[in-house]
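**Student:**
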Amino acid sequence: MKISYPHQVELINASKFGIEHVEMTIEKLKAECPDAFHTDSTLVKRRFHHRPASDTPCRGFVADRDS
Numbered sequence: 069m070k071i072s073y074p075h076q077v078e079l080i081n082a083s084k085f086g087i088e089h090v091e092m093t094i095e096k097l098k099a100e101c102p103d104a105f106h107t108d109s110t111l112v113k114r115r116f117h118h119r120p121a122s123d124t125p126c127r128g129f130v131a132d133r134d135s
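According to the numbering used here, the sequence shown is numbered sequentially starting from 69.
1) Looking at residue 131: is its Cβ nearer than 7 Å to the Cβ of residue 118?
2) Quick one: what's residue 131 bridged to in DSSP?
3) Does the distance from the CB of residue 114 to the CB of residue 126 come in under 7 Å?
4) For the alpha helix (DSSP H) that contains residue 87, what are its first and last residues?
5) Return the first residue and the last residue of the alpha helix (DSSP H) that residue 77 is part of.
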């Protein structure tokens, strides 16, 4: 599920005011549309193209970031 267009605009607008606003908006959106965000239980089922950050659970990946 993607976030709705109005939520996308809200997130883009937050980016104009810095990372703190982006993070606050993400927390708000997680509360309003939680299905649009991955959780540890959904990430462990995902296979990424690039290796995610070391603390991100995943099923696997295709290539290291350096590839």
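For each residue, glycine too, the CB sits at the ideal point set by N, CA and C.
**Tutor:** With the structure as the only source:
1) With respect to residue 118, residue 131 sits close: the two C-beta atoms are nearer than 7 Å.
2) As DSSP reads the structure, residue 131 sits in a beta bridge with 118.
3) Yes, the pair counts as a contact, with Cβ atoms nearer than the cut-off.
4) For residue 87, the enclosing alpha helix (DSSP H) starts and ends at 87-100.
5) Here the alpha helix (DSSP H) through residue 77 covers 73-83.
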